[in-house]
Structure formats: C-alpha cells, structure tokens
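Engineer: Numbered by this note's numbering, the letters in the sequence shown go through residues 677 to 797 in order.
Submitted below is the structure of interest, expressed as structure tokens.
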Amino acid sequence: TIAAVVSKSISPSEREDLRSKTIYIDNGGDVDDTRVPVIDVMDHFTMNDRWWNPGYWWLDTTLQPMIDAVRFALDQAGVQYRYEKFPGGRHNERGWSQRIHRPLLHLYGKENENESVNLFD
Numbered sequence: 677t678i679a680a681v682v683s684k685s686i687s688p689s690e691r692e693d694l695r696s697k698t699i700y701i702d703n704g705g706d707v708d709d710t711r712v713p714v715i716d717v718m719d720h721f722t723m724n725d726r727w728w729n730p731g732y733w734w735l736d737t738t739l740q741p742m743i744d745a746v747r748f749a750l751d752q753a754g755v756q757y758r759y760e761k762f763p764g765g766r767h768n769e770r771g772w773s774q775r776i777h778r779p780l781l782h783l784y785g786k787e788n789e790n791e792s793v794n795l796f797d
C-alpha cells in the first residue's frame, strides 16, 4: 500500500514510527535569485466555483524555517527521507501538479524519471 500526505505536521511521539516509512518532502519558494512571482495569471483563474486562486506566492518562502527544522529533527532521529527544493515553486494545486511525479517516483522506489512504474501490480 502506498500513501502520501501533504502538509503533515510531525509530533515527537511519531518519530519512531517514521523510521519504517518512505518520506518525501518538497517545497518551492524564493531561492537565491529565483523568486516566486507575485502574480501568475494561470494560478489565478480556475474552472470551479471559487474562480480566484491567489497562488500563495509567499507561503513556501515563509515556511522554509519550519521545513529546515523538520529536516533537522528527522536527521537527529535517524529517519531517512528525500528532500527536493523547487526554486520559484508555489504552494498550491497548480504548483504541486507540476511536480507530482517526483513524490510518486520516490514512493514507488524509482529515483530516475525515466524508470517505468507499474501502478497495477
């Protein structure tokens, strides 16, 4: 069984359980000279009842210190995980959809994007 969680917080009591899990963490945000644009028209217009989605241009950059703290805690507990940073990436559904293949490949044990995955085994 493969399961994934987005935006999960980790309590200290869960650290032991995490050693047996496959963990993938990623985030976008500002990195060096690459900035998340304040406005991206493609993020703002959606085809659902709430047609306005601001794209949260500030969120991943703001969350970076917490992500660093979580990674430190995982390292200290000896928990294995994969971390990827996507410079300029947004914290919203469109941003995640552009990189969803990365956590899926990791969860299936495939680190190379050219490896095939049989989802029906």
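Glycine is no exception: its CB is placed at the ideal position from the N, C-alpha and C atoms.
So the candidates are Arg770, Gln774 and Glu760; which of them puts its Cα closest to the Cα of His782?
Structural biologist: In the sequence shown, residue 782 corresponds to position 106, counting from 1. Ranking Arg770, Gln774 and Glu760 by Cα distance to His782 puts Glu760 first.
Engineer: By the DSSP assignment, the alpha helix (DSSP H) with Glu769 in it spans what residues?
Structural biologist: Within the sequence shown, numbered from 1, the residue matching residue 769 stands at position 93. Residues Glu769 to Ser773.
Engineer: Could you check where the alpha helix (DSSP H) with Arg747 kicks off and where it finishes?
Structural biologist: To locate residue 747, count along the sequence shown from 1; it is residue 71. Unbroken alpha helix (DSSP H) run through Arg747: Leu735 to Gln752.
Engineer: Hey, Ile701 and Tyr784 are a contact pair by Cβ (cut 8 angstroms); roughly how many whole angstroms apart?
Structural biologist: The residue labelled residue 701 in the question sits at position 25 within the sequence shown. The residue labelled residue 784 in the question sits at position 108 within the sequence shown. Not quite, the Cβ-Cβ distance comes to about 17 angstroms (not below 8 angstroms), so this is no contact.
Engineer: Using the C-alpha atoms, what's the distance from Phe748 back to Thr677?
Structural biologist: Reading the sequence shown from its first residue, position 1 is the one you call residue 677. Reading the sequence shown from its first residue, position 72 is the one you call residue 748. Any reading at Thr677 is ruled out, since the residue's pLDDT is 48, under 50, leaving its predicted position unreliable.
Engineer: Give the secondary structure of Asp693 by DSSP, where H, G and I count as helix, E and B as strand, and everything else as coil.
Structural biologist: Within the sequence shown, residue 693 is the residue found at index 17, counting from 1. Three-state result, Asp693: helix.
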